[in-house]
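S.K.: Quick one: the structure is below, questions incoming.
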Amino acid sequence: MSETQASDVQISDPRPCIDPNPLSPYVAWAGNRNKDPILSVFNGIFPKTGSVLELASGAGLHINYFAPHFPEIRFQPSDKDLSVFESIKAKRAEAANKNISDPIAIDLTDETTWPDPKDGLYDAIFVINIFQVAPVSIAEGIAALGAKILKPEGFIAIYGPFTLNGKPTTPSNLAFDGELRATAVPDWHLKDIGDLEQAANKHGLALKQRFDMPVNNFILQFARA
Ligand SMILES: C[S@@+](CC[C@H](N)C(=O)[O-])C[C@H]1O[C@@H](n2cnc3c(N)ncnc32)[C@H](O)[C@@H]1O
């Protein structure tokens, strides 16, 4: 496993209240702040051509921002929440993006909703900011789905804030974890990179690269072991 440092960015916009609703001002604020650093990493790891699946696409901010930078890639948005599909399609129309398919329903906790590998395999799968507000068991779903529908050289890229060896990596991540826990919603807290690795290992995947991102986030790149 290697480690890479992404370039730093200046973040000045005031942060709205934490709200995991994918159409909330908070999620839009987070997306606008992380989309360029994530794109700079994806520029280095995405193939030139192929197909890429986004899990938990939410409002569709990221997929619509990334797609024009990879014109030979077909992007597939998805979410378990069908009510976000209109937003994904509206952003696609606004940006005149031609390489984004209609969103599909994928619930990471329900295998019956997963795409059939017979319909095509993916070069890459990415997922952004789901773990802070979802159970760590979601990692099992991501790994099992990846093992099923990734091409042999394919990979999964997971972006978010995580703890490392059970500890927040910085005082600001410790504070963020405290804020999430203060809500008393059982699944709202930072998850540990080790737990994601364990889930991946169960499905024949391994952590290949860890990118240290601005404001104490990570991109974790998993591929077949
Ligand atoms: C905080 S939003 C992040 C949305 C988007 N990735 C972003 O960064 O703007 C979390 C998203 O995860 C989705 N989600 C939660 N549980 C899921 C599951 N079990 N399977 C698939 N998507 C799920 C939600 O519907 C929501 O769109």
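To get my numbering, take the position in the sequence shown, counting from 1, and add 356.
Just so it is clear, CB atoms sit at the ideal spot from N, CA and C, and this is done for glycine as well.
Since this is a predicted model, take the numbers as computed values, not measurements.
Comparing the CB of Gly-497 with every heavy atom of ligand 1, is any distance shorter than 8 Å?
M.R.: By 1-based counting over the sequence shown, the position of residue 497 is 141. At least one heavy atom of ligand 1 is nearer than 8 Å to the Cβ of Gly-497, so yes.
S.K.: Does the Cβ of Met-569 have 16 or more other Cβ atoms within 10 Å, making it buried, or fewer, making it exposed?
M.R.: Taking the sequence shown and counting its residues from 1, the one referred to as residue 569 is at position 213. When all chains shown are included, Met-569 counts as buried.
S.K.: When we look at the beta-carbon of Asn-390 and count the other beta-carbons within 10 Å, is it buried (16 or more) or exposed?
M.R.: Position 34 of the sequence shown holds residue 390. Under this definition Asn-390 is a buried residue.
S.K.: Specify the secondary structure class of Phe-578 as computed by DSSP and reduced to three states.
M.R.: Within the sequence shown, the letter at position 222 stands for residue 578. DSSP places Phe-578 in strand when its eight states are reduced to three.
S.K.: Three or more C-beta pairs closer than 8 Å, one from the region 535-548 and one from the region 563-579: is that the case here?
M.R.: no
S.K.: Out of Asp-463, Tyr-515 and Ile-481, which has the shortest C-alpha to C-alpha gap to Leu-345?
M.R.: Residue 345 falls outside the range modelled here, since the chain spans only 357 to 581, and no answer is possible.
S.K.: Classify Asp-435: buried if its beta carbon has 16 or more other beta carbons within 10 angstroms, exposed otherwise.
M.R.: Locating residue 435 in the sequence shown gives position 79, where the first residue counts as 1. It counts as buried.
S.K.: Tell me which residue opens and which closes the beta strand (DSSP E) that Glu-410 is part of.
M.R.: The sequence position of residue 410 within the sequence shown is 54, counting from 1. From DSSP, the beta strand (DSSP E) with Glu-410 extends over 406-411.
S.K.: Closer than 6 Å by C-beta to Asn-529: which residues in its own chain qualify, once you throw out the five before and the five after it? Chain order, please.
M.R.: Position 173 of the sequence shown, counted from the start, is the residue given in the question as residue 529. These residues qualify, in order along the chain: Pro-517 and Asn-572.
S.K.: Whole angstroms are fine: how far does the CA of Ala-451 sit from the CA of Phe-574?
M.R.: The residue you call residue 574 lines up with position 218 of the sequence shown. The residue you call residue 451 lines up with position 95 of the sequence shown. Phe-574 and Ala-451 have their C-alpha atoms roughly 28 Å apart.
S.K.: Is Pro-378 near Gly-414, with beta carbons less than 9 Å apart?
M.R.: Indexing the sequence shown from 1 puts residue 378 at position 22. Indexing the sequence shown from 1 puts residue 414 at position 58. For Pro-378 and Gly-414, yes; Cβs fall inside 9 Å.
S.K.: Taking the beta carbon of Ser-363 as the centre, do at least 16 other beta carbons fall within 10 Å, making it buried, or is it exposed?
M.R.: To locate residue 363, count along the sequence shown from 1; it is residue 7. Confidence is the limiting factor: at Ser-363 the pLDDT is only 39, short of 50, which leaves the residue's position unreliable and the question unanswerable from this model.
S.K.: Applying the 10 Å Cβ sphere with the 16-neighbour rule, what's the burial state of Ala-581?
M.R.: Position 225 of the sequence shown holds residue 581. Ala-581 should be labelled exposed.
S.K.: According to DSSP, what are the bridge partners of Lys-445?
M.R.: Here residue 445 refers to the residue found at position 89 of the sequence shown. None; Lys-445 has no bridge partner.
S.K.: Use the C-beta contact count for Pro-372: other C-beta atoms within 10 angstroms, 16 or more gives buried, fewer gives exposed.
M.R.: For the purposes of this step, residue 372 is identified with residue 16 of the sequence shown, where counting begins at 1. Exposed, because fewer than 16 other Cβ atoms sit within 10 Å of the Cβ of Pro-372.
S.K.: Out of Asp-475, Asp-548 and Lys-504, which one is the CA nearest neighbour of Gln-488?
M.R.: Sequence index remark: in the sequence shown, residue 488 carries index 132 (1-based). Answer by Cα proximity: Asp-548.
S.K.: Who does Arg-430 pair with in a DSSP beta bridge?
M.R.: Here residue 430 refers to the residue found at position 74 of the sequence shown. Bridge partners of Arg-430: Ser-407.
S.K.: Cβ of Ala-531 versus every heavy atom of ligand 2: is any distance shorter than 8 Å?
M.R.: Summarising the ligand content, the structure contains ligand 1 and does not contain ligand 2.
S.K.: What is the DSSP secondary structure of Leu-520, reduced to helix, strand or coil?
M.R.: Counting from 1 along the sequence shown, the entry for residue 520 is found at position 164. Correct three-state label for Leu-520: strand.
S.K.: Rounded to a whole number of angstroms, what is the C-alpha to C-alpha distance between Leu-546 and Asn-485?
M.R.: Locating residue 546 in the sequence shown gives position 190, counting from the first residue. Locating residue 485 in the sequence shown gives position 129, counting from the first residue. For the pair Leu-546 and Asn-485, the Cα-to-Cα distance works out to about 11 Å.
S.K.: Under DSSP, the beta strand (DSSP E) around Met-479 begins and ends at which residues?
M.R.: Here residue 479 is taken as the residue at index 123 of the sequence shown, counted from 1. Looking at the sequence shown, residue 479 is not Met but Asp. 478-484 is the extent of the beta strand (DSSP E) around Asp-479.
S.K.: Go through its chain and collect everything with a Cβ distance to Leu-520's Cβ below 6 Å, but skip five positions before and after it.
M.R.: Walking along the sequence shown from the start, residue 520 turns up at place 164. Once the five neighbours on either side are set aside, the close Cβ partners of Leu-520 are Ile-549.
S.K.: Output yes or no for whether 9 Å exceeds the beta carbon distance between Phe-482 and Leu-409.
M.R.: In the sequence shown, counting from the first residue as 1, residue 482 sits at position 126. In the sequence shown, counting from the first residue as 1, residue 409 sits at position 53. It is a contact, given that the beta carbons lie within the stated cut-off.
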